[in-house]
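Novice: Numbered according to the UniProt record's numbering, the sequence shown terminates at residue 148, and the numbering increases by one at each position without gaps. C-beta: ideal position from N, C-alpha, C; glycine also. This one's a predicted model, so the numbers in the text were calculated from it and none came from an experiment.
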Amino acid sequence: MLRFDPFSDLDAMARGLLNSQTGSARSPRFMPMDLCKVDDHYLLTADLPGVDPGSVDVDVDNGTLTISAHRTARSEDSVQWLTNERFFGTYRRQLSLGDGIDSAKIAASYENGVLTVTIPLAERAKARKVEIAHGGGRKSIETTTVDA
């Protein structure tokens, strides 16, 4: 089988020249992720297909969440590649955490190529009721603090 697609090769070369991200054609350029707020926590999901679960690492240090993972390349010398487009190497992503995060309770799981990280809000950052004293008695109102 012979692979000849000049338009695909030209497109890949143009992307490589115009793309300002780091990495070569064979090393990872990004780790796609989603981040949303659900009730009293944030939920981060990152796609890491084909990554060995033992290579996935989630660290929190000084207000920075770092996710890293590694996918190894095939080491078969006798292989004749017809198409070789899958990235290999180390993926790394960092996020700054605000003061309203309870970093001691961050939890992570990896299943079916998807890393899920639960980032809970600190108690001080959650909505709470504040008592207001006035001459005729007490009344409570709900206040919300802004996430940092």
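Can the beta-carbon of LEU95 be found closer than 8 Å to that of SER103?
Specialist: No. Outside cutoff.
Novice: Just verifying my parser: in three-state terms, what is the DSSP assignment at PHE87?
Specialist: Reduced to three states, the DSSP call for PHE87 is coil.
Novice: What are the start and end residues of the beta strand (DSSP E) that includes THR72?
Specialist: Careful: THR72 lies outside any beta strand (DSSP E) and carries neither H nor E.
Novice: What's the gap between the Cα of ASN112 and the Cα of GLU131?
Specialist: Cα to Cα, ASN112 sits roughly 48 Å from GLU131.
Novice: Assuming VAL117 and ILE106 are in contact, meaning their beta carbons sit under 8 Å apart, how far apart are those beta carbons, in whole angstroms?
Specialist: Right, their Cβ atoms sit about 7 Å apart.
Novice: Check each candidate in ALA108, ARG128, ALA127 and PHE88 and name the one with the smallest Cα separation from LEU65.
Specialist: Measuring from the Cα of LEU65, the nearest candidate turns out to be ALA108.
Novice: Per DSSP, what are the beta-bridge partners of GLU111 in this structure?
Specialist: VAL114, per the DSSP bridge assignment.
Novice: For VAL51, which residues from the same chain have a beta carbon less than 6 Å from its beta carbon, with the 5 sequence-adjacent residues on both sides left out?
Specialist: Same-chain partners within the cutoff: ALA69 and ARG71.
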